[in-house]
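K.L.:
Can you keep this structure in mind? I'll have questions shortly.
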Amino acid sequence: MSKIIDVGISLDQKYQITVGQQLPQSFKAYCQAHYNRNKIFVLIDENVNRLHGEKVATMVSGFENTHVIEIPEGESSKSVKQWNNITNKILETGIERSTPILAIGGGVTGDLAGFVAATVLRGVPLIHVPTTLLAMVDSSIGGKTGVNHTTGKNLIGSFYQPDAVFSDIAFLETLEQKEWVTGMAEILKYAAIRNPDLFEVMEELIHQPLTPKKRWSEVVEESARIKIDIVQKDTLEAGTRAYLNFGHTFGHALEKVSGYGEITHGEAVFVGMIAACHFSQELGHPVSDVRFSPFLSLYKKQMAPLTVDTEELLDAMKSDKKVKDNTIRLVLLNDWGSPYLYSCEDHSLLHKSWRYTLDKLNK
Ligand SMILES: NC(=O)c1ccc[n+]([C@@H]2O[C@H](COP(=O)([O-])OP(=O)(O)OC[C@H]3O[C@@H](n4cnc5c(N)ncnc54)[C@H](O)[C@@H]3O)[C@@H](O)[C@H]2O)c1
Ligand SMILES: O=C(O)C(=O)C[C@@H](O)[C@H](O)[C@H](O)COP(=O)(O)O
Ligand SMILES: [Zn+2]
Numbered sequence: 000m001s002k003i004i005d006v007g008i009s010l011d012q013k014y015q016i017t018v019g020q021q022l023p024q025s026f027k028a029y030c031q032a033h034y035n036r037n038k039i040f041v042l043i044d045e046n047v048n049r050l051h052g053e054k055v056a057t058m059v060s061g062f063e064n065t066h067v068i069e070i071p072e073g074e075s076s077k078s079v080k081q082w083n084n085i086t087n088k089i090l091e092t093g094i095e096r097s098t099p100i101l102a103i104g105g106g107v108t109g110d111l112a113g114f115v116a117a118t119v120l121r122g123v124p125l126i127h128v129p130t131t132l133l134a135m136v137d138s139s140i141g142g143k144t145g146v147n148h149t150t151g152k153n154l155i156g157s158f159y160q161p162d163a164v165f166s167d168i169a170f171l172e173t174l175e176q177k178e179w180v181t182g183m184a185e186i187l188k189y190a191a192i193r194n195p196d197l198f199e200v201m202e203e204l205i206h207q208p209l210t211p212k213k214r215w216s217e218v219v220e221e222s223a224r225i226k227i228d229i230v231q232k233d234t235l236e237a238g239t240r241a242y243l244n245f246g247h248t249f250g251h252a253l254e255k256v257s258g259y260g261e262i263t264h265g266e267a268v269f270v271g272m273i274a275a276c277h278f279s280q281e282l283g284h285p286v287s288d289v290r291f292s293p294f295l296s297l298y299k300k301q302m303a304p305l306t307v308d309t310e311e312l313l314d315a316m317k318s319d320k321k322v323k324d325n326t327i328r329l330v331l332l333n334d335w336g337s338p339y340l341y342s343c344e345d346h347s348l349l350h351k352s353w354r355y356t357l358d359k360l361n362k
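The numbers in numbering that gives the first Met the number 0 rise by one with no breaks, and the one at position 61 of the sequence shown is 60.
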């Protein structure tokens, strides 16, 4: 059984997200209906190609010419260098404006391949097939594409919506525990900013084996619906879309200061959400991070001690995209399910929240 979720960004930007088990047939039918199937570029994470190459070959078997470009795994692939490598390969092979790019992998592949699709020939059709939990619940949805820069995370990129998303949760069969836990952070983010019931659902799920069963499919669907609702109302992040950045102002700084790839995005966001709760509480809002406690040991088990310097973290926060008039802006919580944007003048409070959070993680 698969579920279809409609996304309506604007009158000419409508697409569907299909969530389910074993979706190659739906994918094939979609391609048959929408493309001339002369050529397709498959930009695929190297591990996904190794583990699921045969399934992917079946998916694209209706195309006359399939060009597979492997993306080295890991955050370091989200770079201008990789964007340049892939763009060169595509242009040297030959591409037309109607030739689709298929992005198959986690958020790294999706963000990078999405940026390639957005820029080559000023934009070619893009289809996302997310293969990590994080990519299914978050990165394949909403059109943020891009790469990192030494000065900060995701600082080069564009908004570029896909033609379609196929979230086949059967891919999660091969996902390592570390990556399940990584993806959970973005679901806990939706719990914090929109639907606190997800905290209880997630607590149930972490006490069971991590396999792609129906309950997970429902969580992927609920997460996608939350994200779509936010993105549809503010696609280009003029205001409320920034709520999806809860925990990220802290998290992105931690990713940068630790060295991209040393800590996963989800781990950093989890840490960042504890800091954001602490900061919110300091301002008097009733949002104790005890809500995250059932998940803390999972993150502590897989993360190395955090030996970062709070001064460096603060510096890194200054290159966040939400900075306005030189002021750091944070997503905080008035209460569970009620986020708001806060301009932060008080850097001593930021230090305090960082120290509290680092102590908690390192204890
Ligand atoms: N565009 C957005 O809106 C958005 C949202 C959230 C996160 N992101 C970005 O997403 C990235 C993180 O994505 P991620 O957590 O998916 O990481 P990732 O893409 O690096 O994938 C994590 C690991 O899982 C492996 N993998 C992927 N699918 C697999 C499968 N089915 N079985 C086994 N292994 C598999 C990969 O090889 C990699 O080693 C970050 O760069 C983050 O900034 C973007
Ligand atoms: O889609 C969004 O909007 C998000 O903020 C989702 C985040 O989970 C994601 O990590 C995103 O890439 C962050 O974007 P950025 O603009 O803060 O770099
Ligand atoms: Zn994120």
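We put the CB at the ideal spot given by N, CA and C, even for glycine.
Run through DSSP, which three-state label would Pro161 get?
P.N.:
Taken through DSSP and simplified to helix, strand or coil, Pro161 comes out as coil.
K.L.:
Touching or not, the stretch 295-311 and the stretch 258-272, by the rule of three or more beta carbon pairs under 8 Å?
P.N.:
yes
K.L.:
Measure how close the beta-carbons of Val107 and Ser76 come, nearest whole angstrom, since I'm counting them as under 8 Å.
P.N.:
In this structure Val107 touches Ser76 by the C-beta definition: roughly 5 Å separates them, less than 8 Å.
K.L.:
Taking Asp44 as part of the beta strand (DSSP E), name the residues at either end of that continuous run.
P.N.:
Lys38 to Asp44
K.L.:
Across which residues does DSSP place Thr98 in a beta bridge pair?
P.N.:
Partner(s): none; Thr98 has no beta bridge.
K.L.:
Taking 8 Å as the cut-off, is the beta-carbon of Ser138 closer than that to any non-hydrogen atom of ligand 1?
P.N.:
yes
K.L.:
Could you have a look at Pro211 and say whether DSSP puts it in helix, strand or coil?
P.N.:
coil
K.L.:
Any beta carbon from chain D within less than 9 Å of Asn35's own beta carbon?
P.N.:
Within the model displayed, chain D is absent; a lone protein chain is all it includes.
K.L.:
Looking at His148 and ligand 2, is the gap between the Cβ and the nearest heavy atom below 8 Å?
P.N.:
Taken from the Cβ of His148, every heavy atom of ligand 2 lies 8 Å or farther away.
K.L.:
Just mark Ile3 as buried or exposed, buried being the case when its beta carbon has 16 or more other beta carbons within 10 Å.
P.N.:
exposed
K.L.:
Identify, in the order they occur along the chain, each residue of the same chain with its Cβ nearer than 7 Å to the Cβ of Tyr377, setting aside the five sequence neighbours on each side.
P.N.:
In the structure as shown, the chain starts at 0 and stops at 362, and residue 377 therefore has no counterpart that could be examined.
K.L.:
In whole angstroms, what is the alpha-carbon distance linking Leu132 and Thr92?
P.N.:
32 Å
K.L.:
Beta carbon of Leu42, beta carbon of Leu101: below 9 Å?
P.N.:
Result yes, Cβ atoms of Leu42 and Leu101 sit closer than 9 Å.
K.L.:
Going by the beta-carbon positions, is the gap between Ala112 and Ile85 smaller than 9 Å?
P.N.:
yes
K.L.:
Let me check understanding here. Comparing Cα to Cα, which of Asn194, Asp345 and Lys321 lies closest to Asn153?
P.N.:
Lys321
K.L.:
Quick one: grab the DSSP three-state call for Ser347.
P.N.:
helix
K.L.:
Are at least three pairs of beta-carbons, each pair with one atom in the stretch 308-324 and one in the stretch 144-161, less than 8 Å apart?
P.N.:
yes
K.L.:
Any contact of the stretch 16-33 with the stretch 214-224, i.e. 3+ C-beta pairs under 8 Å?
P.N.:
yes
K.L.:
Could you please give the first and the last residue of the uninterrupted alpha helix (DSSP H) stretch that includes His277?
P.N.:
His264 to Glu281
K.L.:
Check whether the Cβ atoms of Gly182 and Ser139 sit closer than 9 Å, and answer yes or no.
P.N.:
no
K.L.:
Secondary structure at His66, three-state DSSP: helix, strand or coil?
P.N.:
Note: His66 maps to strand in three-state DSSP.
K.L.:
Rounded to whole angstroms, how far is the Cβ of Glu74 from the Cβ of Lys38, which I believe are closer than 8 Å?
P.N.:
Between Lys38 and Glu74 the Cβ distance is about 30 Å, and since that is not below 8 Å, they are no contact.
K.L.:
Exposed or buried, which one is Gly271 when buried takes at least 16 other CB atoms within 10 Å?
P.N.:
buried
K.L.:
Quick check on Pro23: does DSSP put it in helix, strand or coil?
P.N.:
helix
K.L.:
So if DSSP puts Ile225 in a beta bridge, which residue, or which two residues, is it bridged to?
P.N.:
Note: Ile225 sits in no beta bridge, so no partner.
K.L.:
Which residues mark the beginning and the end of the beta strand (DSSP E) in which His251 is found?
P.N.:
Element bounds for His251: not the beta strand (DSSP E) but the alpha helix (DSSP H), His247 to Ser257.
K.L.:
Within this structure, are the beta carbons of Phe26 and Phe165 separated by less than 9 Å?
P.N.:
yes
K.L.:
Could you check whether the Cβ of His284 sits closer than 8 Å to any heavy atom belonging to ligand 3?
P.N.:
In this structure, the C-beta of His284 stays at least 8 Å away from each heavy atom of ligand 3.
K.L.:
Pick from Ala134, Val123 and Leu295: whose alpha carbon is nearest that of Thr98?
P.N.:
Val123
K.L.:
Tell me the rounded alpha-carbon separation between Thr173 and Thr326.
P.N.:
Straight-line measurement puts the Cα of Thr326 at about 43 Å from the Cα of Thr173.
K.L.:
If Val136 sits next to Ile103, beta carbons under 8 Å apart, how far is it from one beta carbon to the other, in whole angstroms?
P.N.:
Taking the Cβ atoms as the reference, Val136 lies roughly 17 Å from Ile103, outside the contact range of under 8 Å.
K.L.:
Which value, in whole angstroms, describes the spacing of the CA atoms of Ile68 and Leu209?
P.N.:
Rounded to the nearest angstrom, the two C-alpha atoms are 30 Å apart.
K.L.:
Could you give the distance in angstroms between the alpha-carbon of Gly336 and the alpha-carbon of Asn194?
P.N.:
When rounded, the distance between both Cα atoms is 6 Å.
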